[in-house]
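Residue numbers (our numbering), protein chains in the order written: chain A, 1 to 345; chain B, 1001 to 1345. We treat Cβ as the ideally placed atom computed from N, Cα and C, and that holds for glycine. Quick caveat: nothing in here was measured; it's all calculated off a predicted structure. Below is one structure, written out as structure tokens, with a few remarks after it.
Number of protein chains: 2
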Amino acid sequence: MDNSERTEIADLGEFGLIDRLTQNIQLKNAGSRKGVGDDAAVVSCENGLLTLVTTDLLLEGIHFDLTYVPLMHLGYKAAVVNISDIYAMNGTPKQITVSLGISKRFSVEDLENFYTGLETACNEYGVDIIGGDTSASLTGLAISITCLGEAAEDKIVYRNGAKEADLICVSGDLGGAYMGLQLLEREKRIFAGETGSFTPDFTGREYLLERQLKPRARRDVIERLAGNDILPTAMIDISDGLSSELLHICKQSMVGCRVYEEHIPIDYQTAVMAEEFNMNLVTAALNGGEDYELLFTVPLSMHEKVSTLKEVKIIGYITNSSLGTHLIARDGTEHRLKAQGWNSL
Amino acid sequence: MDNSERTEIADLGEFGLIDRLTQNIQLKNAGSRKGVGDDAAVVSCENGLLTLVTTDLLLEGIHFDLTYVPLMHLGYKAAVVNISDIYAMNGTPKQITVSLGISKRFSVEDLENFYTGLETACNEYGVDIIGGDTSASLTGLAISITCLGEAAEDKIVYRNGAKEADLICVSGDLGGAYMGLQLLEREKRIFAGETGSFTPDFTGREYLLERQLKPRARRDVIERLAGNDILPTAMIDISDGLSSELLHICKQSMVGCRVYEEHIPIDYQTAVMAEEFNMNLVTAALNGGEDYELLFTVPLSMHEKVSTLKEVKIIGYITNSSLGTHLIARDGTEHRLKAQGWNSL
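Dropping the structure here:
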């Protein structure tokens, strides 16, 4: 490795790095309709539907902690995370491939548990496991999943279609998965300090644990949108946090946005937990991540239709890019959205 | 992890483990034509061609050693390994996705080098990079690549079509990549023992290094077969070694085989190096792996056609399964093929 010209990855950030690495890639096949830069790649299948392809790499110690994540849940979540990306394109997930790098500390039964979780998720969403690769790993568990899906060309929703005055909508509620993670981390620390027997008490916090350990992909929302003839102008799933995903949509659509703190959907258990942890609730909802809810924009003319949709909230609207990307707090003050945290809160 | 019933992975082996993990998987979509169990999975695209999907996970310390593998070569090889799997289905590679898990010791330039190699291979084979995922890694470099390809339904060649009396053919020569690896490992050990300056001397061994560091996928062989109207009955690419791949074909086709030591193609440099290392040359050719040559079977009626093909050798023939899987040594003795090494040699 030549260090004569060295740029630290931290200086670019993840997305800057990806931009840098992929800037020279040119698509050569007519069938490669959409490459790097969205939730999934789009590949044409001659006549008829298009194929969607998405992939995720999950590494132990970075994406999961086996101290408190059962392998069955990990398998379930690994599949759902990819399936969610296909829904975020307004597609139907169809197949996944699964590659595992495993160290000696795992037994066959451990991996069977992982596969049980994987199969459970695939059965729920009608997805076939069609291949993969299994190899040794010198260190932790490595999981790579690729998911293929289908969609009609005129129904695919990209990140770059948001227009001025569009409504910004989000499904479900936010911050719960992050609070579930905090809860598990706390119990791990308490457990580490105990010498005798210790049973963590999660009573009343089941929802938060489920958000973290067994997330759902929002097929129901995609179906409800289709059933009501609503085609979003832009869509993304919330894996890194609302702020980060909103900024993706705004950047790729070349627009600004205004979202309202008071409209961000937050569950009661999330709010209670944030208070117990003395954490800023809105920060958790904006930056927590791993909720796998859908964030999408619809034309203003859809206001009436979209406002009656179950488990969908309008949280703001799209503006001209010159107005920037802002959150309006309950006290009326404006705060610039940032991918991690936001100013002066 | 519950150890009440613990089977060691080593007890099953890689393929046994995969069999065990995937035995309950049932394909649900009509479009999932072929799942786990071949070089690539087959997914239908409505009318017209079928989509091929293959994936590989490469982990530092297991699949590569960055002490002597330049990142550019690693990127090149990572792509070729997947592209080779598509050719092994008699398909045309079209797209790849690339996921990377990277630790702090890598700079942006390092990863650009990796991508340069990746793009070089993709350009050579007409493949588009259409997506991926980049994340942190606590330990070594993790690389996951998925490759999509196309093929007409009646041209796809699986592993399970070999018939009694078919000829067994192999492209190029074998054992070279393994000898290249031995050479690099030796230079690494010498280097580690030196205190002063040391320049490894690879003169006259360039071919072996190229086999290890810059393997090629045999598009030319696929094209030559098609140009001569030869459709193999079974095919696989040689990643784990000739023995291992032959056993895959025989097992899935429910047949036996007889291959002849004297017909196994071996390059002069490979032979010289084996002597220098005091290694059994045939063992290297049978079990070395990483040659990425094509192993295929054709009907006996194709004998004349196939024997004139450039860089293709007939090494034996398919038998009834009751006759087993054997190598016939130069002295006429028979040896049962094993995935790793073979008896009494």
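Does DSSP classify residue i as helix, strand or coil?
| i | result |
| --- | --- |
| A1329(B) | coil |
| T1134(B) | strand |
| S1103(B) | coil |
| R258(A) | strand |
| V298(A) | strand |
| T319(A) | strand |
| L1337(B) | coil |
| E124(A) | helix |
| F1202(B) | coil |
| V1069(B) | coil |
| K1310(B) | coil |
| C1169(B) | strand |
| I266(A) | coil |
| G37(A) | Residue confidence is low: G37(A) scores 48 on pLDDT, short of 50, so the model does not pin down where it sits. No coordinate-derived value is stated. |
| A79(A) | helix |
| S1244(B) | helix |
| D1110(B) | helix |
| I143(A) | strand |
| I1236(B) | strand |
| V1157(B) | coil |
| I1190(B) | helix |
| L1231(B) | coil |
| E210(A) | helix |
| D291(A) | coil |
| E1304(B) | helix |
| M346(A) | As displayed, chain A neither begins before 1 nor continues past 345, which places residue 346(A) out of reach and without an answer. |
| A217(A) | coil |
| L174(A) | coil |
| A1226(B) | helix |
| E164(A) | coil |
If you drop the 5 nearest sequence neighbours on each side, which residues of the same chain put their C-beta closer than 6 Å to that of residue i?
| i | result |
| --- | --- |
| E153(A) | L50 |
| N1343(B) | Interpretation of N1343(B) is limited by its pLDDT of 31, a score under 50 that renders its predicted location unreliable; no figure is taken from the coordinates. |
| P1265(B) | D1173 and K1313 |
| E1008(B) | none |
| D38(A) | Its pLDDT being 49, under 50, D38(A) is placed unreliably by the model, and nothing is read from it. |
| Q1252(B) | R1159 and N1160 |
| K155(A) | N90 |
| S84(A) | A217, D237 and Y292 |
| D1240(B) | G1289 |
| A1121(B) | Y1076, A1079 and V1080 |
Out of the options, state which residue places its alpha-carbon closest to the alpha-carbon of residue i.
| i | options | result |
| --- | --- | --- |
| L1281(B) | V1170(B), N1228(B), L1148(B) and G1175(B) | G1175(B) |
| K163(A) | E210(A), T333(A), S107(A) and A234(A) | A234(A) |
| S1301(B) | A1165(B), Y1158(B), K1251(B) and V1053(B) | A1165(B) |
| P1093(B) | S1103(B), N1123(B) and L1181(B) | N1123(B) |
| I1096(B) | E1109(B), Y1125(B), L1074(B) and P1070(B) | Y1125(B) |
| V1080(B) | D1110(B), R1186(B), A1217(B) and I1102(B) | A1217(B) |
| Y1260(B) | I1328(B), G1324(B) and T1333(B) | I1328(B) |
| E1311(B) | L1138(B), I1249(B) and D1220(B) | D1220(B) |
| E290(A) | A78(A), P70(A), Y68(A) and M72(A) | A78(A) |
| T1250(B) | I1130(B), L1323(B) and G1332(B) | Sequence inspection shows Cys at residue 1250(B); the Thr mentioned does not correspond to that position. Residue L1323(B) is the option with its Cα nearest to C1250(B). |
| G1101(B) | S107(A), L118(A), H63(A) and F106(A) | H63(A) |
| Y68(A) | L118(A), F202(A) and S144(A) | F202(A) |
Check the DSSP bridge columns for residue i and list the partner residues they point to.
| i | result |
| --- | --- |
| G1149(B) | L1052(B) and P1093(B) |
| M273(A) | BP columns for M273(A) are empty, so no partner. |
| E1060(B) | F1064(B) |
| S253(A) | DSSP, once it has assigned bridges, lists no residue as partnering S253(A). |
| A285(A) | Its beta-bridge partners do not exist; DSSP assigns none. |
| I86(A) | Paired residue(s): none; I86(A) is not in a bridge. |
| I129(A) | I96(A) |
Within the same chain, show all residues whose beta-carbon is closer than 8 Å to that of residue i, passing over the 5 residues directly before and after it, in chain order.
| i | result |
| --- | --- |
| Q182(A) | M273, F277 and M279 |
| Q269(A) | G176, M179, G204, R205, Y207 and L208 |
| N320(A) | E164, V255 and G256 |
| E60(A) | L66, T139, G140, L141 and A142 |
| T1116(B) | M1072 and G1075 |
Could you pull out every residue in the same chain whose Cβ sits closer than 7 Å to the Cβ of residue i, ignoring the five residues on either side in sequence?
| i | result |
| --- | --- |
| V298(A) | D166, L167, C169, I230, P232, T233 and V306 |
| A1285(B) | L1174, G1175, L1242, I1264 and I1266 |
| A1339(B) | S1243, S1244 and L1247 |
| D1133(B) | S1099 |
Selection of the stretch 201-220 of chain A by Cβ proximity to chain B, strictly under 7 Å = none
Relative to chain B, which residues along the stretch 131-147 of chain A have a C-beta separation below 8 Å, given in chain order?
-> G131, G132, D133, T134, S135, A136, S137, L138, T139, G140, A142, S144 and T146
Contacting positions in the stretch 85-102 of chain A - beta carbon closer than 9 Å to chain B | K94, Q95, T97, V98, S99, L100, G101 and I102
What are the residues of the stretch 56-68 of chain A that lie near chain B, defined by any Cβ-Cβ distance shorter than 9 Å?
-> D56, L57, L58, L59, E60, G61, I62, H63 and L66
Chain-ordered residues of the stretch 163-184 of chain A with a beta carbon less than 7 Å from chain B = none
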